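Asker: One structure is given below, represented as structure tokens, and several questions about it will come after.
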Amino acid sequence: MAKEPQFLRNAWSGKLSEQACEDVAQEAFMRVARKIAAAQLGPDVKIGAYLRTTSYNLAVDALRAQNRTDLLDDTSLEAGPISESEDVDPLKELVRPAIEAMPLSRRRTVVQLQCQGLDDAQISAALGIAPDRIHRDRYAVVSELRNKLGEFIRDGHRKETRRAKKDG
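So in our numbering, the last spot in the sequence shown is 233, and the numbers never skip.
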């Protein structure tokens, strides 16, 4: 247990603070102890290796949470003031408020980062999730935005849906 915080600090090249490493190690120890007490681990499980894996996985979760917090606290996610001399872009007037009205989630974060000009690989690295997950989250948000903003799309430019409208 005493070696685990230092291992985590070295494994993550100082990305986690010393206090965070200690917290992760203690949480890992508690989780493993609970599993042992509940007889959820088989006799062939190597407790030291299991503890190391648990602490490593908890550190990954802590870093992901830290990255999400850092990204969401970034002031560049906020829209800058529009000067009087610029033409007002209706997309920014409609789309940005619609995105900001969405619940704070990974999907919203993906779209906000994409609006900043990041590509899928950069977003994937920043959030610590797989690139195919980025694609699915973005597709879901775009579909949701399309439904919310559909009334602002001109008739000839609306995407045709496969669902037939019911006569009512």
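All residues carry an ideal CB built from backbone N, CA and C; glycine is no exception. All of these numbers come straight from a predicted model, not from anything done at the bench.
Helix, strand or coil for Asp184 per DSSP?
Answerer: Residue mapping note: residue 184 aligns to position 119 of the sequence shown, counting from 1. If DSSP states are grouped into helix, strand and coil, Asp184 belongs with coil.
Asker: For a test of the three-state rule: what should DSSP assign to Gly193, helix, strand or coil?
Answerer: For this step, residue 193 is matched to residue 128 along the sequence shown. In the structure shown, Gly193 sits in coil (DSSP, three-state: anything other than H, G, I, E or B).
Asker: With the cut-off set at 8 Å, would you say Leu81 and Ala130 are in Cβ contact?
Answerer: Residue mapping note: residue 81 aligns to position 16 of the sequence shown, counting from 1. Residue mapping note: residue 130 aligns to position 65 of the sequence shown, counting from 1. No. Outside cutoff.
Asker: Measuring only the C-alpha atoms, how far is Ala90 from Pro70?
Answerer: Against the sequence shown, residue 90 aligns to sequence position 25. Against the sequence shown, residue 70 aligns to sequence position 5. Computed Cα separation, rounded: 6 Å.
Asker: Can you list, in chain order, the residues of its chain whose CB lies under 6 Å from that of Leu106, leaving out five sequence neighbours each side?
Answerer: Within the sequence shown, residue 106 is the residue found at index 41, counting from 1. Here the set comprises Lys100.
Asker: On a Cα-Cα basis, can you pick out the residue from Ala205, Ala93 and Val176 that is closest to Val125?
Answerer: Sequence index remark: in the sequence shown, residue 125 carries index 60 (1-based). Nearest C-alpha to Val125: Ala93.
Asker: Could you pull the start and end residues of the alpha helix (DSSP H) that Met168 belongs to?
Answerer: Taking the sequence shown and counting its residues from 1, the one referred to as residue 168 is at position 103. Before going on, a small fix: residue 168 reads as Pro here, not Met. That residue, Pro168, is in no alpha helix (DSSP H); it is neither H nor E in DSSP.
Asker: Do Arg203 and Val175 have their CB atoms nearer than 8 Å?
Answerer: The residue labelled residue 203 in the question sits at position 138 within the sequence shown. The residue labelled residue 175 in the question sits at position 110 within the sequence shown. Yes, the Cβ-Cβ distance between Arg203 and Val175 is below 8 Å.
Asker: Skipping 5 residues on each side, what residues in its chain have a beta carbon closer than 6 Å to that of Leu142?
Answerer: As a working mapping, residue 142 is identified with position 77 in the sequence shown. Low confidence applies here, because Leu142 scores a pLDDT of 48, under 50, leaving its location unreliable; read the following figure in that light. The residues are Gln177.
Asker: Hey, could you find the ends of the alpha helix (DSSP H) Phe94 is sitting in?
Answerer: Your numbering for residue 94 matches position 29 in the sequence shown. Taken as a continuous stretch (DSSP letters only), the alpha helix (DSSP H) holding Phe94 covers Glu83 to Ala102.
Asker: Would you mind giving the Cβ-Cβ distance between Asp185 and Pro168, rounded to the nearest angstrom? I have them listed as a contact below 8 Å.
Answerer: The residue given as residue 185 occupies position 120 in the sequence shown. The residue given as residue 168 occupies position 103 in the sequence shown. Not really, about 22 Å apart at Cβ, beyond 8 Å.
Asker: By Cβ distance below 8 Å, which residues in the same chain neighbour Ser150 in space, the five residues on each side in sequence not counted?
Answerer: Here residue 150 refers to the residue found at position 85 when the sequence shown is read from its first residue. No answer about Ser150 holds up, because its pLDDT of 43 lies below 50 and its placement is not dependable.
Asker: Please go through the same chain and pick out, in chain order, the residues whose beta-carbon is closer than 7 Å to the beta-carbon of Cys86, but skip the five residues on each side of it.
Answerer: Within the sequence shown, residue 86 is the residue found at index 21, counting from 1. Pro70, Leu73 and Arg74.
Asker: Can you list, in chain order, the residues of its chain whose CB lies under 6 Å from that of Arg173, leaving out five sequence neighbours each side?
Answerer: What you label residue 173 is simply residue 108 of the sequence shown in a count that begins at 1. The answer, listed in chain order, is Met167.
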